Amino acid sequence: MAVPPRVFPPRKRRPSAGAFLPPKFSDQRLLQSLFLLSQEISSLNPLQFLLKRNSSSIIRKTKILAFLFEELLKKPIPVLSPTLLCFEEMYLVLQRIKTLLEDCVNGSKMWLLMQSDSVANNFHELTAELATLLDILPVKDVEVSEDVEELFLLLRKQCSQAKVFVDERDSSLRLEVLTMLDRIQKEIVPDHSKLAEILDFLGLPNSLSCKEEIENLEDEVQNQQDEKAKSDVIALIGLVRYAKCVLFEPLTPGSDSKTKKSASDVNIPADFRCPISLDLMRDPVVVATGQTYDRESINLWIESGHSTCPKTGQALVHTSLIPNHALKNLIAMWCRELKIPFDTAEGNDRVNGVIKNKAALEATKMTASFSGEQNGGLPVNGRG
1 MAVPPRVFPP RKRRPSAGAF LPPKFSDQRL LQSLFLLSQE ISSLNPLQFL
51 LKRNSSSIIR KTKILAFLFE ELLKKPIPVL SPTLLCFEEM YLVLQRIKTL
101 LEDCVNGSKM WLLMQSDSVA NNFHELTAEL ATLLDILPVK DVEVSEDVEE
151 LFLLLRKQCS QAKVFVDERD SSLRLEVLTM LDRIQKEIVP DHSKLAEILD
201 FLGLPNSLSC KEEIENLEDE VQNQQDEKAK SDVIALIGLV RYAKCVLFEP
251 LTPGSDSKTK KSASDVNIPA DFRCPISLDL MRDPVVVATG QTYDRESINL
301 WIESGHSTCP KTGQALVHTS LIPNHALKNL IAMWCRELKI PFDTAEGNDR
351 VNGVIKNKAA LEATKMTASF SGEQNGGLPV NGRG
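According to UniProt numbering, the sequence shown is numbered sequentially starting from 1.
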(Lines of atoms letter the chains of each structure in order from A and count residues from 1; the text may use other names and numbers.)
(Lines give C-alpha, C1' and ligand atoms only; values in the text may rest on other atoms or scores of the structure.)
Protein backbone atom coordinates (compact mmCIF):
# COMPACT_ATOMS: atom_id res chain seq x y z
CA MET A 1 0.00 0.00 0.00
CA ALA A 2 1.28 3.45 -0.86
CA VAL A 3 0.34 5.05 2.46
CA PRO A 4 2.88 4.13 5.18
CA PRO A 5 1.47 3.07 8.57
CA ARG A 6 2.95 6.04 10.42
CA VAL A 7 2.00 8.75 7.95
CA PHE A 8 0.27 10.84 10.58
CA PRO A 9 2.14 13.03 13.11
CA PRO A 10 2.01 12.40 16.87
CA ARG A 11 -1.26 13.12 18.61
CA LYS A 12 -1.19 16.40 20.50
CA ARG A 13 -1.75 16.27 24.26
CA ARG A 14 -3.79 18.88 26.06
CA PRO A 15 -2.71 18.57 29.70
CA SER A 16 -4.81 20.27 32.32
CA ALA A 17 -3.34 23.23 34.15
CA GLY A 18 -0.80 22.14 36.72
CA ALA A 19 -0.82 18.53 35.55
CA PHE A 20 2.96 18.35 35.56
CA LEU A 21 3.69 20.47 38.63
CA PRO A 22 4.28 18.66 41.93
CA PRO A 23 1.60 19.57 44.48
CA LYS A 24 2.68 21.38 47.64
CA PHE A 25 0.08 20.01 50.05
CA SER A 26 0.14 19.00 53.69
CA ASP A 27 0.00 15.25 54.40
CA GLN A 28 -3.77 15.13 54.85
CA ARG A 29 -4.47 17.57 52.04
CA LEU A 30 -2.36 15.48 49.69
CA LEU A 31 -4.16 12.26 50.67
CA GLN A 32 -7.50 13.96 50.25
CA SER A 33 -6.49 15.26 46.81
CA LEU A 34 -5.29 11.79 45.79
CA PHE A 35 -8.55 10.26 46.95
CA LEU A 36 -10.70 12.80 45.11
CA LEU A 37 -8.62 12.57 41.94
CA SER A 38 -8.69 8.76 41.94
CA GLN A 39 -12.45 8.85 42.55
CA GLU A 40 -12.89 11.26 39.66
CA ILE A 41 -10.97 8.96 37.32
CA SER A 42 -12.86 5.92 38.64
CA SER A 43 -16.17 7.57 37.76
CA LEU A 44 -15.17 7.99 34.10
CA ASN A 45 -16.62 5.59 31.58
CA PRO A 46 -14.19 3.52 29.48
CA LEU A 47 -13.81 4.69 25.89
CA GLN A 48 -16.72 3.36 23.85
CA PHE A 49 -15.34 2.95 20.35
CA LEU A 50 -11.54 2.76 20.49
CA LEU A 51 -8.96 1.64 23.05
CA LYS A 52 -11.69 0.08 25.21
CA ARG A 53 -9.44 -2.38 26.98
CA ASN A 54 -6.68 0.16 27.61
CA SER A 55 -9.05 2.70 29.16
CA SER A 56 -11.09 0.22 31.22
CA SER A 57 -7.91 -1.38 32.58
CA ILE A 58 -6.37 1.86 33.82
CA ILE A 59 -9.70 3.03 35.29
CA ARG A 60 -10.05 -0.26 37.15
CA LYS A 61 -6.54 0.10 38.58
CA THR A 62 -7.32 3.64 39.71
CA LYS A 63 -10.39 2.37 41.59
CA ILE A 64 -8.13 0.16 43.70
CA LEU A 65 -5.95 3.17 44.49
CA ALA A 66 -9.07 5.02 45.62
CA PHE A 67 -9.69 2.28 48.22
CA LEU A 68 -6.14 2.73 49.50
CA PHE A 69 -6.41 6.50 49.84
CA GLU A 70 -9.84 6.25 51.46
CA GLU A 71 -8.43 3.85 54.05
CA LEU A 72 -5.55 6.19 54.83
CA LEU A 73 -7.92 9.11 55.32
CA LYS A 74 -9.92 7.20 57.95
CA LYS A 75 -6.96 7.04 60.36
CA PRO A 76 -4.85 10.20 60.06
CA ILE A 77 -1.22 9.34 60.67
CA PRO A 78 2.02 11.19 59.93
CA VAL A 79 3.34 10.34 56.48
CA LEU A 80 7.09 9.77 56.29
CA SER A 81 9.10 11.77 53.75
CA PRO A 82 9.78 8.86 51.33
CA THR A 83 6.09 7.96 51.33
CA LEU A 84 5.09 11.60 50.89
CA LEU A 85 7.40 11.94 47.89
CA CYS A 86 5.91 8.79 46.40
CA PHE A 87 2.39 10.17 46.87
CA GLU A 88 3.37 13.44 45.21
CA GLU A 89 4.66 11.56 42.17
CA MET A 90 1.53 9.42 42.15
CA TYR A 91 -0.59 12.56 42.08
CA LEU A 92 1.19 13.65 38.89
CA VAL A 93 0.69 10.25 37.25
CA LEU A 94 -3.02 10.29 38.11
CA GLN A 95 -3.33 13.78 36.64
CA ARG A 96 -1.77 12.53 33.42
CA ILE A 97 -4.10 9.52 33.35
CA LYS A 98 -7.10 11.82 33.72
CA THR A 99 -5.77 14.13 31.01
CA LEU A 100 -5.18 11.24 28.61
CA LEU A 101 -8.68 9.84 29.11
CA GLU A 102 -10.32 13.25 28.69
CA ASP A 103 -8.25 13.99 25.60
CA CYS A 104 -9.37 10.71 24.02
CA VAL A 105 -13.03 11.42 24.83
CA ASN A 106 -13.13 15.06 23.74
CA GLY A 107 -10.97 14.94 20.62
CA SER A 108 -11.51 13.67 17.09
CA LYS A 109 -12.39 9.98 16.87
CA MET A 110 -10.85 9.68 13.43
CA TRP A 111 -7.63 11.26 14.67
CA LEU A 112 -7.63 8.97 17.72
CA LEU A 113 -7.96 5.99 15.39
CA MET A 114 -4.95 7.13 13.37
CA GLN A 115 -2.94 7.44 16.60
CA SER A 116 -4.31 4.32 18.34
CA ASP A 117 -0.91 2.59 18.50
CA SER A 118 0.87 5.54 20.10
CA VAL A 119 -2.02 6.24 22.49
CA ALA A 120 -2.06 2.58 23.55
CA ASN A 121 1.63 2.99 24.31
CA ASN A 122 0.83 6.09 26.38
CA PHE A 123 -1.57 4.04 28.50
CA HIS A 124 1.12 1.43 29.03
CA GLU A 125 3.76 4.01 29.96
CA LEU A 126 1.46 5.44 32.65
CA THR A 127 0.76 1.94 33.97
CA ALA A 128 4.50 1.28 34.11
CA GLU A 129 5.04 4.50 36.07
CA LEU A 130 2.35 3.39 38.52
CA ALA A 131 4.13 0.04 38.85
CA THR A 132 7.38 1.80 39.79
CA LEU A 133 5.68 3.96 42.42
CA LEU A 134 3.73 1.05 43.88
CA ASP A 135 6.92 -0.98 44.09
CA ILE A 136 8.67 1.60 46.26
CA LEU A 137 5.61 2.50 48.37
CA PRO A 138 6.04 0.93 51.85
CA VAL A 139 2.43 -0.14 52.26
CA LYS A 140 3.14 -1.97 55.53
CA ASP A 141 4.32 1.29 57.08
CA VAL A 142 1.04 3.13 56.42
CA GLU A 143 -1.19 0.74 58.39
CA VAL A 144 -4.07 -0.28 56.14
CA SER A 145 -6.52 -3.15 56.58
CA GLU A 146 -5.62 -6.63 55.43
CA ASP A 147 -8.18 -6.48 52.60
CA VAL A 148 -6.83 -3.20 51.27
CA GLU A 149 -3.26 -4.47 51.55
CA GLU A 150 -4.18 -7.53 49.48
CA LEU A 151 -5.78 -5.31 46.85
CA PHE A 152 -2.67 -3.14 46.84
CA LEU A 153 -0.36 -6.12 46.31
CA LEU A 154 -2.62 -7.40 43.54
CA LEU A 155 -2.56 -3.99 41.86
CA ARG A 156 1.22 -3.81 42.09
CA LYS A 157 1.49 -7.23 40.45
CA GLN A 158 -0.94 -6.31 37.66
CA CYS A 159 0.87 -3.05 36.88
CA SER A 160 4.31 -4.67 36.85
CA GLN A 161 3.15 -7.45 34.51
CA ALA A 162 1.18 -5.21 32.13
CA LYS A 163 2.09 -5.28 28.44
CA VAL A 164 1.33 -2.88 25.61
CA PHE A 165 -2.03 -3.85 24.15
CA VAL A 166 -3.14 -2.81 20.67
CA ASP A 167 -6.62 -3.97 19.71
CA GLU A 168 -6.53 -5.88 16.42
CA ARG A 169 -9.90 -4.44 15.51
CA ASP A 170 -8.62 -0.89 15.96
CA SER A 171 -5.54 -1.66 13.85
CA SER A 172 -7.65 -3.25 11.12
CA LEU A 173 -9.97 -0.25 10.96
CA ARG A 174 -7.02 2.13 10.89
CA LEU A 175 -5.59 0.24 7.92
CA GLU A 176 -8.96 0.47 6.13
CA VAL A 177 -9.02 4.26 6.57
CA LEU A 178 -5.43 4.62 5.34
CA THR A 179 -6.23 2.43 2.35
CA MET A 180 -9.31 4.54 1.62
CA LEU A 181 -7.26 7.75 1.74
CA ASP A 182 -4.71 6.16 -0.57
CA ARG A 183 -7.46 5.24 -3.05
CA ILE A 184 -8.93 8.75 -2.84
CA GLN A 185 -5.52 10.13 -3.85
CA LYS A 186 -5.86 7.96 -6.96
CA GLU A 187 -9.32 9.48 -7.56
CA ILE A 188 -11.14 6.23 -6.69
CA VAL A 189 -14.52 6.94 -5.09
CA PRO A 190 -14.80 5.28 -1.64
CA ASP A 191 -17.21 2.39 -1.21
CA HIS A 192 -20.21 3.90 0.58
CA SER A 193 -21.07 0.76 2.55
CA LYS A 194 -17.49 0.45 3.80
CA LEU A 195 -17.45 4.13 4.67
CA ALA A 196 -20.68 3.69 6.63
CA GLU A 197 -19.15 0.76 8.54
CA ILE A 198 -16.14 2.86 9.52
CA LEU A 199 -18.25 5.76 10.77
CA ASP A 200 -20.56 3.40 12.65
CA PHE A 201 -17.57 1.80 14.39
CA LEU A 202 -16.30 5.24 15.42
CA GLY A 203 -19.68 6.35 16.76
CA LEU A 204 -20.45 8.83 13.98
CA PRO A 205 -24.00 7.75 13.09
CA ASN A 206 -25.47 10.96 11.69
CA SER A 207 -24.87 14.37 10.16
CA LEU A 208 -24.56 16.14 13.53
CA SER A 209 -21.89 13.78 14.83
CA CYS A 210 -19.96 14.19 11.56
CA LYS A 211 -20.21 17.97 11.88
CA GLU A 212 -18.76 17.78 15.39
CA GLU A 213 -16.04 15.44 14.14
CA ILE A 214 -15.09 17.92 11.39
CA GLU A 215 -14.87 20.70 13.97
CA ASN A 216 -12.62 18.55 16.17
CA LEU A 217 -10.40 17.82 13.17
CA GLU A 218 -10.27 21.54 12.36
CA ASP A 219 -9.02 22.09 15.91
CA GLU A 220 -6.34 19.48 15.26
CA VAL A 221 -5.23 21.43 12.17
CA GLN A 222 -4.67 24.50 14.35
CA ASN A 223 -2.73 22.40 16.88
CA GLN A 224 -0.26 21.15 14.27
CA GLN A 225 2.81 23.27 13.61
CA ASP A 226 4.25 21.90 10.37
CA GLU A 227 2.72 21.87 6.90
CA LYS A 228 2.82 18.09 6.46
CA ALA A 229 0.91 17.57 9.70
CA LYS A 230 -1.77 20.08 8.71
CA SER A 231 -2.06 18.41 5.31
CA ASP A 232 -2.52 14.97 6.89
CA VAL A 233 -5.36 16.13 9.12
CA ILE A 234 -6.99 17.99 6.22
CA ALA A 235 -7.13 14.65 4.37
CA LEU A 236 -9.26 13.26 7.20
CA ILE A 237 -11.48 16.34 7.12
CA GLY A 238 -12.08 15.76 3.42
CA LEU A 239 -13.01 12.13 4.07
CA VAL A 240 -15.46 12.94 6.88
CA ARG A 241 -16.97 15.84 4.93
CA TYR A 242 -17.52 13.54 1.96
CA ALA A 243 -19.05 10.86 4.21
CA LYS A 244 -21.34 13.41 5.83
CA CYS A 245 -22.62 14.48 2.43
CA VAL A 246 -23.15 11.10 0.77
CA LEU A 247 -24.36 9.11 3.78
CA PHE A 248 -26.46 11.42 5.91
CA GLU A 249 -27.51 14.62 4.16
CA PRO A 250 -30.94 14.68 2.47
CA LEU A 251 -30.24 16.53 -0.75
CA THR A 252 -33.14 18.57 -2.10
CA PRO A 253 -33.54 18.13 -5.88
CA GLY A 254 -33.62 21.38 -7.78
CA SER A 255 -34.95 22.29 -11.19
CA ASP A 256 -33.03 21.53 -14.39
CA SER A 257 -29.50 22.77 -13.78
CA LYS A 258 -29.06 23.58 -17.46
CA THR A 259 -31.39 26.56 -17.12
CA LYS A 260 -29.66 28.11 -14.11
CA LYS A 261 -27.37 30.98 -14.97
CA SER A 262 -27.07 33.02 -11.76
CA ALA A 263 -26.21 32.28 -8.14
CA SER A 264 -29.31 34.24 -7.14
CA ASP A 265 -31.47 31.61 -8.86
CA VAL A 266 -30.41 28.78 -6.54
CA ASN A 267 -30.30 28.00 -2.84
CA ILE A 268 -26.62 28.45 -1.98
CA PRO A 269 -25.34 26.03 0.68
CA ALA A 270 -24.34 27.78 3.90
CA ASP A 271 -20.81 26.40 3.55
CA PHE A 272 -20.46 28.42 0.34
CA ARG A 273 -21.79 31.74 1.70
CA CYS A 274 -19.60 34.41 3.24
CA PRO A 275 -20.72 34.93 6.88
CA ILE A 276 -20.36 38.69 6.39
CA SER A 277 -22.09 39.35 3.05
CA LEU A 278 -24.11 36.08 2.87
CA ASP A 279 -23.19 35.99 -0.83
CA LEU A 280 -21.47 33.15 -2.67
CA MET A 281 -17.75 33.20 -1.87
CA ARG A 282 -15.60 33.66 -4.97
CA ASP A 283 -12.27 33.81 -3.16
CA PRO A 284 -12.59 32.12 0.26
CA VAL A 285 -9.77 32.76 2.72
CA VAL A 286 -9.07 31.62 6.28
CA VAL A 287 -8.33 34.08 9.09
CA ALA A 288 -6.21 33.46 12.19
CA THR A 289 -9.13 31.99 14.15
CA GLY A 290 -9.77 29.32 11.51
CA GLN A 291 -12.99 30.83 10.12
CA THR A 292 -13.52 31.25 6.37
CA TYR A 293 -14.71 34.43 4.63
CA ASP A 294 -14.73 35.88 1.15
CA ARG A 295 -11.52 37.85 0.66
CA GLU A 296 -13.23 41.08 -0.38
CA SER A 297 -15.59 41.12 2.60
CA ILE A 298 -13.00 40.30 5.26
CA ASN A 299 -10.55 42.81 3.77
CA LEU A 300 -13.18 45.55 4.12
CA TRP A 301 -13.83 44.41 7.70
CA ILE A 302 -10.14 44.59 8.65
CA GLU A 303 -9.48 47.83 6.76
CA SER A 304 -12.36 49.47 8.62
CA GLY A 305 -10.44 49.01 11.86
CA HIS A 306 -11.78 45.74 13.25
CA SER A 307 -9.31 43.37 14.92
CA THR A 308 -11.66 40.51 15.80
CA CYS A 309 -13.24 37.62 13.92
CA PRO A 310 -16.71 38.72 12.76
CA LYS A 311 -18.24 35.32 13.50
CA THR A 312 -16.66 34.33 16.82
CA GLY A 313 -15.58 37.68 18.25
CA GLN A 314 -12.12 36.27 18.96
CA ALA A 315 -9.14 38.58 18.58
CA LEU A 316 -7.16 38.09 15.38
CA VAL A 317 -3.54 37.50 16.40
CA HIS A 318 -2.53 38.41 12.86
CA THR A 319 -4.30 39.67 9.73
CA SER A 320 -2.78 37.26 7.22
CA LEU A 321 -5.36 35.59 4.97
CA ILE A 322 -4.73 32.00 3.88
CA PRO A 323 -6.52 30.96 0.66
CA ASN A 324 -8.95 28.08 1.25
CA HIS A 325 -8.17 26.16 -1.94
CA ALA A 326 -10.26 23.11 -1.03
CA LEU A 327 -13.40 25.17 -0.48
CA LYS A 328 -12.79 27.30 -3.56
CA ASN A 329 -12.46 24.14 -5.64
CA LEU A 330 -15.66 22.74 -4.16
CA ILE A 331 -17.57 25.96 -4.89
CA ALA A 332 -16.24 26.06 -8.45
CA MET A 333 -17.35 22.46 -9.07
CA TRP A 334 -20.78 23.17 -7.61
CA CYS A 335 -21.14 26.20 -9.87
CA ARG A 336 -20.12 24.18 -12.93
CA GLU A 337 -22.70 21.51 -12.13
CA LEU A 338 -25.42 24.17 -11.97
CA LYS A 339 -24.10 26.19 -14.94
CA ILE A 340 -23.34 29.21 -12.74
CA PRO A 341 -20.45 31.43 -13.90
CA PHE A 342 -17.52 31.27 -11.52
CA ASP A 343 -14.32 33.17 -12.27
CA THR A 344 -11.32 31.50 -10.66
CA ALA A 345 -7.58 31.46 -11.22
CA GLU A 346 -5.34 28.50 -10.64
CA GLY A 347 -3.47 28.95 -7.35
CA ASN A 348 -0.10 27.61 -6.36
CA ASP A 349 0.14 24.30 -4.54
CA ARG A 350 1.85 26.09 -1.69
CA VAL A 351 0.44 29.35 -0.30
CA ASN A 352 1.47 30.97 3.00
CA GLY A 353 2.88 27.70 4.29
CA VAL A 354 -0.22 25.60 3.55
CA ILE A 355 0.06 22.57 1.26
CA LYS A 356 -2.96 21.24 -0.61
CA ASN A 357 -3.54 17.60 0.24
CA LYS A 358 -4.30 15.26 -2.65
CA ALA A 359 -6.65 13.06 -0.63
CA ALA A 360 -8.54 16.06 0.74
CA LEU A 361 -8.79 17.56 -2.75
CA GLU A 362 -10.12 14.36 -4.29
CA ALA A 363 -12.59 13.84 -1.43
CA THR A 364 -13.82 17.38 -2.06
CA LYS A 365 -14.24 16.61 -5.76
CA MET A 366 -16.21 13.45 -4.97
CA THR A 367 -18.43 15.33 -2.53
CA ALA A 368 -19.21 17.96 -5.15
CA SER A 369 -19.78 15.31 -7.82
CA PHE A 370 -22.26 13.42 -5.65
CA SER A 371 -24.10 16.62 -4.77
CA GLY A 372 -24.26 17.68 -8.40
CA GLU A 373 -25.74 14.35 -9.47
CA GLN A 374 -28.56 14.89 -6.99
CA ASN A 375 -29.15 18.44 -8.34
CA GLY A 376 -29.39 19.75 -4.85
CA GLY A 377 -25.96 20.85 -3.69
CA LEU A 378 -24.72 20.44 -0.14
CA PRO A 379 -26.87 20.97 2.97
CA VAL A 380 -27.01 24.12 5.05
CA ASN A 381 -25.01 23.42 8.18
CA GLY A 382 -22.49 25.91 9.55
CA ARG A 383 -18.92 24.61 9.86
CA GLY A 384 -19.40 21.00 8.83
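The beta carbon of each residue, even a glycine, is placed where N, CA and C say it ideally should be. Here the structure is a predicted model, which means the values were calculated and not measured.
Asked, Found
"Return the residue from the list 339, 160, 294 and 66 that minimises the CA-CA distance to residue 272.", "294"
"Suppose you measure from the CA of residue 211 to the CA of residue 233; what does that come to, to the nearest Å?", "15 Å"
"Hey, out of 129, 173, 47 and 168, whose CA is closest to residue 92's CA?", "129"
"By DSSP, does residue 294 sit in helix, in strand, or in coil?", "strand"
"By a C-beta neighbour count over all protein chains shown, 10 Å radius and 16 as the cutoff for buried, is residue 169 buried or exposed?", "exposed"
"Determine, using beta-carbon pairs with one atom in the segment 115-122 and one in the segment 158-175, whether at least three such pairs fall under 8 Å.", "yes"
"Decide yes or no for the touch test of the segment 109-117 against the segment 191-206: beta carbon pairs closer than 8 Å, at least 3 of them.", "yes"
"Rounded to a whole number of angstroms, what is the C-alpha to C-alpha distance between residue 82 and residue 33?", "18 Å"
"Could you tell me which uninterrupted beta strand (DSSP E) segments, each at least 3 residues in length, are contained entirely in the segment 181-248, listed from first to last along the chain?", "none"
"What runs of the beta strand (DSSP E), each 3 residues or longer, lie entirely inside the segment 109-163?", "none"
"For residue 302 and residue 287, I'd like the C-alpha separation in whole angstroms.", "11 Å"
"Under a three-way DSSP split, which group does residue 308 fall into?", "strand"
"Are residue 30 and residue 86 closer than 8 Å when you measure CB to CB?", "no"
"Rounded to whole angstroms, how far is the Cβ of residue 59 from the Cβ of residue 44, which I believe are closer than 8 Å?", "6 Å"
"What are the boundary residues of the alpha helix (DSSP H) that includes residue 93?", "81-106"
"Please name the residue in 154, 285, 145 and 147 whose C-alpha comes closest to that of residue 135.", "154"
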